[in-house]
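Following: one structure in structure tokens, then a few remarks.
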């Protein structure tokens, strides 16, 4: 196979790896897979952390190495890329659909970068988070922090169901 | 631990392992250098020893505050708040890992001996972050004293978190334009995380202060407990001043107004008053940034470091 063909294969393999905490999403859907390069059978994968403390990053790293080894790539290096910082805006349209289908409200557009001090948010979120179960906009933020760093906890006032939301960052 | 002699192991962890080339069992526990693959060259014209010390300051602030937040696990008033405090602690731990790793790379550049200590001469990757976190003595930690103070009640925690996050957000925001691209990148992520921390603390302080007479009293007492340690946050160490002049660090002296603006929004809404208390003096003018800490710090480190020191060769 040509070098280019191998690169395409390596990328295709890397793109099948899923997020350990949001297994309905691939790392490509999530937007953390920055680059896959192959040279003489050695693969270099660049990923970017969602949250700096996210323990899933180590699992992603291991899963990428494992998947590429299984596909026959002997030498695999996973690099971290910090710039530009990951934002929920990088979650693909397909990724957003998969989140909603799994009962997790996808993020709206991330806050625009501001010049000067970052304003405090003391009230409810500026935009309503729609319930992924019934579609109602009558929902309430229960906590900005949930089972993982990237999610917040909400409750729908219409159907009474609790749900999670990938919060904008 | 692996069994090399071919005898089947009854180790439960090993049974969970997928074997092969993975260093993990069950979940990824083989920690990778968080700056793996990141160019950590020290920018031209930047003193590498100063940069090392500065990254330790910011990293230690995050590490020690994270430890205090972790002490609330299984002890917060509500499950949601327990999860929130653990998440905030985890974000800060992540920032600490990056900053201590950045310090290790800068230290390597400064003295050419590498970022490894005696406890870390394994064949594995350099683990500067662990060496700094677990094998330094109290006087080598450069965190502000606010982060280390003995754990108080929930009112004290919320007051401390609001001040800490408000101050740190201002510092990180400045750092997004640091001449050190690694610091700038760490700060750019941190800004987004710490904005949520500050909002959380601000909303809770209002809820407590504008709540019952009892919750108001506790919130006001919490503010009073931490207030003497606030001026230290905005008193630059000479290294901060030098690096700020070089465009690498944030000079905290110019950032007090940003915290005051936040407090001017939150305290009236919380019906709380700005305490009228003098700053807590250091020792001959030396405070946390100089490695001079309060009594609480030794106890905190004893807990933080005990496992790593019991078995310095262990990997996990």
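Residue numbers (my numbering), protein chains in the order written: chain A, 2 to 170; chain B, 168 to 483. Cβ atoms here follow ideal geometry from the backbone N, Cα and C, with glycine treated the same way.
- Under the DSSP definition of a beta bridge, which residues are partnered with residue 47/A? 36/A, 80/A
- For the alpha helix (DSSP H) containing residue 18/A, list its first residue and its last residue. Taken as a continuous stretch (DSSP letters only), residue 18/A belongs to no alpha helix (DSSP H), as it is neither H nor E.
- Query: Given residue 75/A, which residues of its chain have a CB within under 8 Å of its CB, disregarding the five upstream and five downstream residues?
  - Reply: 42, 43
- Message: Using a Cβ-Cβ distance cut-off of 8 Å, determine whether residue 119/A contacts chain B.
- Response: yes
- Message: Quick check on residue 348/B - is its C-beta less than 8 Å from some C-beta in chain A?
- Response: yes
- Query: Near residue 358/B, what residues of its chain come up, given a Cβ to Cβ distance below 8 Å and the 5 sequence neighbours on each side ignored?
  - Reply: 336, 339, 340, 343
- Specify whether the segment 103-113 of chain A and the segment 27-43 of chain A touch according to this definition: at least 3 beta carbon pairs, one from each stretch, less than 8 Å apart. no
- Pick from 145/A, 108/A, 160/A: whose alpha carbon is nearest that of residue 136/A? 160/A
- Task: Consult DSSP for residue 165/A and reduce its assignment to one of helix, strand or coil.
- Result: strand
- For a contact meaning CB atoms closer than 8 Å, what does residue 335/B contact in chain C? Considering every chain present, this structure includes no chain C. Its protein chains are A and B.
- Query: Under the rule that 16 or more other beta-carbon atoms within 10 Å means buried, what is residue 71/A, buried or exposed?
  - Reply: exposed
- How would you label residue 368/B, buried or exposed, when you count the other beta carbons within 10 angstroms and need 16 or more for buried? buried
- Message: With three or more beta-carbon pairs closer than 8 Å as the criterion, would you say the segment 463-470 of chain B touches the segment 396-408 of chain B?
- Response: no
- Message: In the DSSP assignment, the alpha helix (DSSP H) including residue 222/B goes from what residue to what residue?
- Response: 215-237
- Item | Between the CA atoms of residue 362/B and residue 19/A - distance to the nearest angstrom | 28 Å
- Query: When the Cα atoms are used, what is the spatial distance from residue 237/B to residue 34/A?
  - Reply: 31 Å
- Buried or exposed: which applies to residue 90/A, given that a residue is buried once 16 or more other Cβ atoms fall within 10 Å of its Cβ? exposed
- State the start and end residues of the unbroken beta strand (DSSP E) segment that holds residue 324/B. Run containing residue 324/B: none in the beta strand (DSSP E); it sits in the alpha helix (DSSP H), 321-342.
- Item | Alpha-carbon to alpha-carbon, residue 279/B and residue 98/A | 50 Å
- Message: Between 311/B, 428/B, 209/B, 262/B, which has its C-alpha nearest residue 456/B's C-alpha?
- Response: 311/B
- Taking DSSP as the reference, what is the three-state secondary structure of residue 25/A? coil
- So residue 375/B is in the alpha helix (DSSP H); what residue range does that whole segment cover? 348-376
- Mind reading off the beta-carbon distance from residue 398/B to residue 442/B? Whole number of angstroms is fine, and I expect it under 8 Å. Not quite, the Cβ-Cβ distance comes to about 12 Å (not below 8 Å), so this is no contact.
- Message: residue 207/B and residue 264/B - do their beta-carbons sit closer together than 8 Å?
- Response: no
- Could you list which residues in chain B have their beta carbon closer than 8 Å to that of residue 144/A, in chain order? 247, 248, 250, 251
- Measure the CB-CB distance between residue 257/B and residue 148/A and report whether it falls below 8 Å. no
- Put residue 92/A into one of helix, strand or coil per three-state DSSP. coil
- Compare the C-beta of residue 344/B with all C-beta atoms of chain A and state if any pair is closer than 8 Å. no
- Contact list for residue 199/B against chain A, beta-carbon separation under 7 Å: 59, 62
- Could you give the distance in angstroms between the alpha-carbon of residue 213/B and the alpha-carbon of residue 272/B? 14 Å
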